[in-house]
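Student: Here it is, the structure in full.
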Amino acid sequence: MSVPPILLSTEQIQERVRGLAAEIERDHAGAETLHLLCVLKGAFVFLADLVRALRIPATLDFMAVSSYAAGTTTTGEVRLLKDLDIALDGRHVVIVEDIVDTGLTLNYLQEILRARGPKTLRTACLLSKPSRRKVNVPVEYVGFTIDDRFVVGYGLDYAEEHRNLPYIGVLD
Ligand code: 5GP
């Protein structure tokens, strides 16, 4: 298997994650505890680094959704594969996502999570591809804006491979 060339190095990612954590802390200054929702599987590495960079108490939960491959659907319908364990009512919630592409997955997630009555609901995405957006979905914390390239590593896969690369690489 060939090694994907580096788009964003480990050092660049670590520095940006620290910056995102600082932004999140600033916006939740009045909150006693933050509740981070990790969208599996792609966001697991980002979540692990982000939660350790935060200096306010945080609780965690995990959910899994099936993202239809780009081009196979325009409906934005997303299947929930694993739901949350903990109720959201009254919590300060931050969704932690790997990448926002068309925005359809995140749009769906925000809708169903908002309906569960969190006190606040914000979203952190490590990566964003604005040129691919189909719906205008709010993302309060964006790590890096990238061009329309297929990226892997730092949790992101291609057919379940490359998730363990310590950097973000490009496959195309
Ligand atoms: P969206 O609903 O925004 O189009 O899709 C978001 C999901 O598609 C992401 O959570 C991710 O799983 C997948 N995705 C989009 N772009 C890429 C990419 O460049 N690389 C990888 N590995 N997954 C991607």
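My numbering numbers the first residue of the sequence shown as 5 and each following residue consecutively.
C-beta atoms are modelled at their ideal positions from N, C-alpha and C, and glycine is treated no differently.
As the structure is a prediction and not an experimental result, all values here were calculated from the model.
With burial defined as no fewer than 16 other Cβ atoms inside 10 Å of the residue's Cβ, what is the status of S132: buried or exposed?
Tutor: Numbered from its first residue, the sequence shown carries residue 132 at position 128. Classification for S132: buried.
Student: Answer yes or no: do V69 and V55 have a C-beta to C-beta separation smaller than 8 Å?
Tutor: In the sequence shown, the residue the question calls residue 69 occupies position 65. In the sequence shown, the residue the question calls residue 55 occupies position 51. Contact flag unset, no.
Student: Under 7 Å from any heavy atom of the ligand 5GP, does the C-beta of E1 make it?
Tutor: What the structure shows of the chain is the stretch from 5 to 176, and residue 1 is not part of that stretch, so it cannot be assessed.
Student: What are the partner residues of D65, as DSSP defines its beta bridges?
Tutor: Here the question's residue 65 lines up with position 61 in the sequence shown. Paired residues: L41.
Student: CB-CB under 6 Å to L51, same chain, minus the five flanking residues each way: which ones, in chain order?
Tutor: To locate residue 51, count along the sequence shown from 1; it is residue 47. Taken in chain order, the residues that qualify are C42 and V100.
Student: Quick check on V49: buried or exposed, where buried means 16 or more other Cβ atoms within 10 Å of its Cβ?
Tutor: Within the sequence shown, numbered from 1, the residue matching residue 49 stands at position 45. So V49 ends up on the buried side.
Student: What does DSSP give as the partner residue(s) for V174 in the beta ladder?
Tutor: Walking along the sequence shown from the start, residue 174 turns up at place 170. For V174, which the question treats as bridged, DSSP gives the partners V155.
Student: Put L24 into one of helix, strand or coil per three-state DSSP.
Tutor: Looking up residue 24 in the sequence shown gives position 20. DSSP places L24 in helix when its eight states are reduced to three.
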